[in-house]
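Trainee:
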């Protein structure tokens, strides 16, 4: 008898670019750490609770965001995954409808679980008489990561078209998107109308996603290292006059929602740095320990991302109930105490993943168009999925918006049709994080 007969087959990693998986896991874990460091809870002399943004109030924080703002890198990695997933869809004979349906399901299934949880939690808190002002502050905080569902969902709708543009006119496409992003920022600054910046949900994030298409293109791998170093350095130097002009902030978190052109510059720098680090990351990913960590986090990355702030609040509440001491935020003991807090949040997220991990697995691909709803129905499903997250991004999470999301997102999933038995958990980026040996564009 085969000695391995009773052991599950290991995932086939022979064609994967594991450095992309590692980059995605790094982004998720850094976001968790930053968000935990943002939450500073203390009691005043009267015993009343106060909550502040401890990390964001440090004088060195704005400059630190030039290294710590990794959402552009997250979209670069997501663009790589999107390019390879779209190429895979085309190879199977699928079309844009097949691709968009699959990607919406990948976003919607984990989102439905967290929105139901948040709606129930906020409703219970209101019934228990939690102070409305405190509840509103907490709700806005725990709902802040949901902006990603809107931004990423929007970019996924454009992947088939943007992949075609990358195949035909890659440089022109990037220049046009960059010009559009800068123009939006200038109009927003000149008019003082902040909502104008919402147009950059298209220009900025499509630009950064397009960088992921570039990373998946074999031609990018032939660029000399010295040129990559020069471009990355030039990007960081360019941020100096940009953030001194009054149009853009030095704090890359301020420039996040709505997104601004500084994130495009940061995205180019991070693209180059990722390519420069690839040989080192590849050697790291040859070790079992690194693969184990990347698999453990990567296979439940969306769960960790969506649940970490609610779970941080739950953990804080439990510590308050048991009378645990809360050191003064920003004190030396407070910074050291963040280590067990981060570990506790990640532990809770992994526990939650045991219950909801199946929602994060990729649906098994059916034949092209098989059992697929029509394009108009997919369009309605996209609106139901993206609109609640978009509203939360604009106004912050509240009980009404949580309830709307808890109803709309499951309805979106229902419209997208039945889901085949999910695959076993995959390592890393969503659906098809594989390194192309040719251009990732389906036209090549």
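Residue numbers (the working numbering): 30 to 473.
Backbone N, C-alpha and C define an ideal beta-carbon position, used for all residues, glycine too.
Quick check on the DSSP output: what are the complete alpha helix (DSSP H) runs of length 4 or more inside the region 282-348, in order along the chain?
Mentor: Fully enclosed alpha helix (DSSP H) runs of 4 or longer: 290-313 and 317-327.
Trainee: Does the separation of the CB atoms of residue 98 and residue 282 fall below 8 Å?
Mentor: Sequence index remark: in the chain shown, residue 98 carries index 69 (1-based). Sequence index remark: in the chain shown, residue 282 carries index 253 (1-based). For residue 98 and residue 282, yes; Cβs fall inside 8 Å.
Trainee: Report the start-end ranges of each alpha helix (DSSP H) in the region 213-262 that is 4 residues or longer and not cut off at the edges.
Mentor: 229-245, all fully within the region 213-262.
Trainee: Return the chain-ordered ranges of every beta strand (DSSP E) run that is complete within the region 56-127 and spans a minimum of 3 residues.
Mentor: Runs found: 68-72 and 78-82.
Trainee: Alpha carbon to alpha carbon, what distance is there between residue 351 and residue 54?
Mentor: Against the chain shown, residue 54 aligns to sequence position 25. Against the chain shown, residue 351 aligns to sequence position 322. Approximately 33 Å between the Cα atoms of the pair.
Trainee: Are the beta-carbon atoms belonging to residue 426 and residue 168 less than 8 Å from one another?
Mentor: As a working mapping, residue 426 is identified with position 397 in the chain shown. As a working mapping, residue 168 is identified with position 139 in the chain shown. Yes, the pair counts as a contact, with Cβ atoms nearer than the cut-off.
Trainee: Buried or exposed for residue 274, going by 16 or more other Cβ atoms inside 10 Å?
Mentor: Translated into the one-based positions of the chain shown, residue 274 becomes position 245. Exposed, by the Cβ-count rule.
Trainee: So, at 6 Å on beta carbons, what are the nonlocal neighbours of residue 111 in its own chain, with the 5 sequence-adjacent residues on each side left out?
Mentor: Here residue 111 refers to the residue found at position 82 when the chain shown is read from its first residue. So the qualifying residues of the chain are 188.
Trainee: Could you give the first and the last residue of the continuous alpha helix (DSSP H) run that contains residue 379?
Mentor: Numbered from 1 along the chain shown, position 350 holds the residue referred to as residue 379. Here the alpha helix (DSSP H) through residue 379 covers 361-385.
Trainee: Measuring alpha carbon to alpha carbon, tell me which residue in 135, 140 and 331 is nearest residue 56.
Mentor: Counted from its first residue, the chain shown places residue 56 at position 27. Of the listed residues, the one whose Cα sits closest to residue 56 is 331.
Trainee: Among the candidates 271, 374, 292 and 259, whose CA atom is the shortest distance from the CA of residue 100?
Mentor: Position 71 of the chain shown, counted from the start, is the residue given in the question as residue 100. Answer by Cα proximity: 292.
Trainee: Quick check on this structure: which residue in 108, 128 and 107 has the alpha carbon closest to the alpha carbon of residue 117?
Mentor: The residue you call residue 117 lines up with position 88 of the chain shown. If we check each option's Cα against that of residue 117, 128 comes out closest.
Trainee: Assign residue 401 to one of three DSSP states: helix, strand, or coil.
Mentor: On the chain shown, position 372 is the one that residue 401 refers to. Residue 401 falls in the coil class under three-state DSSP.
Trainee: Alpha carbon to alpha carbon, how far is residue 122 from residue 418? Give it in angstroms, no decimals.
Mentor: Within the chain shown, residue 418 is the residue found at index 389, counting from 1. Within the chain shown, residue 122 is the residue found at index 93, counting from 1. Between residue 418 and residue 122, the C-alpha separation is close to 32 Å.
Trainee: The alpha helix (DSSP H) spanning residue 25 covers which residue range?
Mentor: A query on residue 25 cannot be resolved here, the shown segment of the chain reaching from 30 to 473 and no further.
Trainee: Pull up the distance between the alpha-carbon of residue 244 and that of residue 139, whole angstroms please.
Mentor: For the purposes of this step, residue 244 is taken as the residue at position 215 of the chain shown. For the purposes of this step, residue 139 is taken as the residue at position 110 of the chain shown. Straight-line Cα distance between these residues: approximately 27 Å.
Trainee: Can you find the residues in the same chain that come closer than 6 Å, C-beta to C-beta, to residue 304, ignoring five residues on each side of it along the sequence?
Mentor: Locating residue 304 in the chain shown gives position 275, where the first residue counts as 1. Only 257 meet the Cβ criterion.
Trainee: If you check the beta carbons only, do residue 131 and residue 147 fall under 8 Å apart?
Mentor: Locating residue 131 in the chain shown gives position 102, counting from the first residue. Locating residue 147 in the chain shown gives position 118, counting from the first residue. Their beta carbons are not under 8 Å apart, which means residue 131 does not touch residue 147 by this criterion.
Trainee: What residues in its chain sit with their C-beta under 6 Å from that of residue 47, if we drop five residues either side in the sequence?
Mentor: Locating residue 47 in the chain shown gives position 18, where the first residue counts as 1. The residues are 314.
Trainee: I'd like to know if the region 201-212 and the region 232-241 are in contact, where contact means that at least 3 CB-CB pairs between them fall below 8 Å.
Mentor: Yes, since at least three Cβ pairs between the region 201-212 and the region 232-241 fall closer than 8 Å, the two stretches touch.
Trainee: What is the rounded straight-line gap between the Cα of residue 341 and the Cα of residue 65?
Mentor: By 1-based counting over the chain shown, the position of residue 341 is 312. By 1-based counting over the chain shown, the position of residue 65 is 36. Residue 341 and residue 65: Cα-Cα distance of roughly 7 Å.
Trainee: Figure out for me which residue from 52, 62, 267 and 80 has the closest Cα to the Cα of residue 9.
Mentor: In this structure the chain extends from 30 to 473, so residue 9 is not present and cannot be described.
Trainee: So, helix, strand or coil for residue 176, using DSSP?
Mentor: One-based indexing of the chain shown puts residue 176 at position 147. Of the three classes helix, strand and coil, the one that applies to residue 176 here is helix, per DSSP.
Trainee: Under a three-way DSSP split, which group does residue 436 fall into?
Mentor: Along the chain shown, one-based indexing puts residue 436 at 407. Looking at residue 436 - three-state DSSP - the assignment turns out to be helix.
Trainee: Identify whether residue 160 lies in helix, strand or coil by the three-state DSSP scheme.
Mentor: Taking the first residue of the chain shown as 1, we reach residue 160 at position 131. Coil, per DSSP.
Trainee: Since residue 445 is in the alpha helix (DSSP H), which residue starts that stretch and which ends it?
Mentor: In the chain shown, counting from the first residue as 1, residue 445 sits at position 416. Careful: residue 445 lies outside any alpha helix (DSSP H) and carries neither H nor E.
Trainee: Determine the burial state of residue 220: buried for a count of at least 16 other Cβ atoms within 10 Å of its Cβ, exposed for fewer.
Mentor: Translated into positions along the chain shown, residue 220 becomes position 191. Exposed, since its Cβ has fewer than 16 Cβ neighbours within 10 Å.
Trainee: Pull up the distance between the alpha-carbon of residue 150 and that of residue 162, whole angstroms please.
Mentor: Here the question's residue 150 lines up with position 121 in the chain shown. Here the question's residue 162 lines up with position 133 in the chain shown. For residue 150 and residue 162, the distance between alpha carbons rounds to 16 Å.
Trainee: Count the CB pairs spanning the region 399-416 and the region 368-383 that are closer than 8 Å, and state whether there are at least three.
Mentor: No contact exists between the region 399-416 and the region 368-383.
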